[in-house]
Amino acid sequence: MVTEANTGQEGGHGSGNAPRVLGVIEGFYGRPWQAGQRRRLFGQMAAWGMNTYLYAPKDDAWHRAVWRDPYPEAEEVALAQLVQAANDAGVQFVYALAPGLDLDWEDPADQSALLTKLGTVARLGVRHFALLFDDIPRTADLAAQALMQARAANTARGHLEGLGARGLFLFCPTEYCARRAVPSVGESPYLAVLGEQLHPDILVFWTGPEVISVDITAASVREVAGVLRRRPVLWDNLHANDYAPRRVHLGPYAGRPLDLRAELSGILTNPNNQFEVNSPGLFSLAEYGVAESHWTPEASLERALAGWLEQFNTAAEVPVTASDLALLADSLYLPQRVGPRAMALHAAAQALLAGGSAAPLFEARATYRRLLMALERGTNRELLFDLHPFLVDLIEELSRLLREAGHLDPTEVNGVPFRGGLAERLTLIR
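Numbering-wise, the UniProt record's numbering puts 382 at position 382 of the sequence shown, and it's gapless, one number per residue.
Have a look at this one:
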């Protein structure tokens, strides 16, 4: 990720606009980040003015699958050390528990288990908490489901306050985006009950119109805020990729107008699983949080890549330029979008099959190869591991197009795509 020495955010920041909560959710499905990576993240967040980290890795078994069980001693010690690292960096550590798969709030044993688990975590030094009810089955009576969840959240909040944990308390609803609201945001009995019953100090997550929202308008957030009787915290899945392992997103924080900030209590981004590739998106979000009216995602990405470039230039014999990195970011941009350089390359690829020039494809292939070689010979091995499959994919596809257009000797490259299995056979269908 970008080092703290390269965190200048000139040209994008003002003052007084930052959301109350601004930071990162580790809330994806898949292998959680390592402790050392999280500590690096805290330092980076502090340097960029981000103030909140929410711990919610779906595959931490004690967070979700066996939420009633206490953490084993080794995991408890590691969690306490992580909390201390966040505190040392000036970052609010929010511990999230996700009991929704099988919590029965009518069962006194489950009530006790929930409060005991949260109390155990509070004794580790945690002062900020979240209760998550996302990605669970709906019940037939949505209003009753909302009431049960609200009672659980209110009770948990009160219990934690009694223990001295009087920090943030956040809540993720089962209907956490407009797509999941039944029958709609304005008519959802589930959301209406939450708005009526949740303690007014509890912050509620919202992901926008979709689970993965390409664009979010201020008007759409005002609608849900009216139902919830509070401004939501945006759980932003813009850069998330746990739902599509063959994707990674290197683009800026985009599709959210600056006036959206006034409708929110905060923004937490749930980024790529691959830790090392998250610098561009996080940098851009940090800028967005306090940006003035002249700020643009495109210019923010340029500044982010300028700081990230040194991670690609640890092997002096293979220099990587800002232009090289810009092509990579445009090629692995955002959901449903590629950047302008990738759009131009796509147009050149289409023209190639109609007899157009092969030069743009050869040039881009050379750039991807140079990036891959620089990482292979460099010192940031985790960045290599995170980007390797995507760079190889781009190189292979350009080679295939050049070969099919007759611009490569068939013996120069392997005629069989690298994917293997069924994916390989599907690629060969034309």
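Heads up, the beta-carbon is just placed ideally off N, CA and C, and yes, glycines get one too.
Predicted model, so just to flag it, every value in this text is computed and none were measured.
Taking DSSP as the reference, what is the three-state secondary structure of Gly-266? In the structure shown, Gly-266 sits in a strand (DSSP, three-state: E or B).
DSSP three-state call for Trp-308: helix, strand or coil? Of the three classes helix, strand and coil, the one that applies to Trp-308 here is helix, per DSSP.
Taking 6 angstroms as the limit between beta carbons, can you name the residues of its chain near Gly-378, skipping five residues before and five after? In chain order, Thr-314, Ala-315 place their CB closer than 6 angstroms to the CB of Gly-378, counting only its own chain and leaving out the 5 sequence neighbours on each side.
Range covered by the alpha helix (DSSP H) that runs through Gln-44: Counting along the chain, the alpha helix (DSSP H) containing Gln-44 begins and ends at 35 to 48.
Taking Ala-96 as the reference, which of Thr-139, Thr-155, Gln-34, Cys-172 has the closest Cα? For Ala-96, the nearest C-alpha among the options comes from Cys-172.
Beta-carbon proximity of Ala-342 to Pro-280, cut-off 8 angstroms: Not a contact, by the Cβ cut-off of 8 angstroms.
Sequence-distant residues of the same chain with beta carbon closer than 7 angstroms to residue 435, five excluded per side: The question about residue 435 has no answer, for the chain in this structure spans 1 to 430.
For Gly-23, write down the residues that DSSP places opposite it in a beta bridge. Thr-52, Leu-268, per the DSSP bridge assignment.
Below 8 angstroms, how does it come out for the stretch 298 to 314 and the stretch 365 to 384: are there three or more Cβ pairs, yes or no? Enough Cβ pairs lie closer than 8 angstroms, so yes.
Segments assigned alpha helix (DSSP H), at least 4 residues, entirely inside the stretch 185 to 245: Runs found: 189 to 197, 218 to 228.
Three-state secondary structure assigned by DSSP to Val-290: Coil.
Could you check if Leu-327 is buried or exposed, using at least 16 other CB atoms within 10 Å of its CB as the buried criterion? By the neighbour-count rule (16 or more Cβ atoms within 10 Å), Leu-327 is buried.
How would you label Arg-157, buried or exposed, when you count the other beta carbons within 10 angstroms and need 16 or more for buried? Burial check for Arg-157: the Cβ neighbour count within 10 Å reaches 16 or more, so the residue is buried.
Just grab the DSSP bridge partners of Tyr-95 for me. As a beta-bridge residue in DSSP terms, Tyr-95 pairs with Tyr-55, Phe-129.
Could you work out which residue in Leu-82, Val-21, Ala-304, Ala-61 is closest to Leu-170 when comparing CA atoms only? Per the Cα distances, Val-21.
Closest Cα partner of Leu-309 within the set Leu-325, Thr-116, Val-211: Looking at the Cα atoms, Leu-325 is the closest of the given residues.
Simplified DSSP state of Phe-28, which is helix, strand or coil: Phe-28: coil per DSSP, three-state reduction.
Run through DSSP, which three-state label would Leu-375 get? Secondary structure at Leu-375: helix, using DSSP grouped into helix, strand and coil.
Contact set for Leu-353: own chain, Cβ-Cβ below 8 angstroms, skip 5 residues either direction: Closer than 8 angstroms at Cβ, skipping near neighbours: Leu-401, Glu-404, Ala-405.
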